[in-house]
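Below: one structure, written as structure tokens.
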Amino acid sequence: MQTNRIWQLSADEVGNINNVDFNLISNYSIEELTIQNRRLNESNERLENRLQLIIQTINELDNLYNSIKNDGFIKRYTTLKDAVKRIVTNNDLYDNP
């Protein structure tokens, strides 16, 4: 079984990453770093909110499916089609530029 390469960094590779990060950071002033940190925190918060919305949507779809799986085909198809249509047209679930 092959494992993902990203989890197999050697100590030297990790050290190189840290050196690169330090060199990049040292080129910025405290104010620039503060602004960048704020932007990253805001981006992280948006991504966390989106992730929670996606998880909630998946759980709702799973609950819907479990509640109608014994219904007739036509009713089940129509209900699931409408649910998927709402998901596909929900722009909050997708990355907005």
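With positions in the sequence shown counted from 1, the corresponding number in our numbering is that position plus 233.
Using N, Cα and C, we set each Cβ at its ideal position, and we do this for glycine too.
query: L313 versus I263, N274, Y298 and V321, residue with shortest Cα-Cα distance; result: Y298
query: Own chain residues within Cβ distance below 8 Å of Q285, not counting five before or after; result: none
query: The region 275-284 contacting the region 258-266, beta-carbon criterion three pairs below 8 Å; result: no
query: L326 beta carbon less than 8 Å from that of I287; result: yes
query: Euclidean distance between Cα positions of V317 and E281; result: 22 Å
query: Through-space distance from N323 to N270, alpha-carbon basis; result: 29 Å
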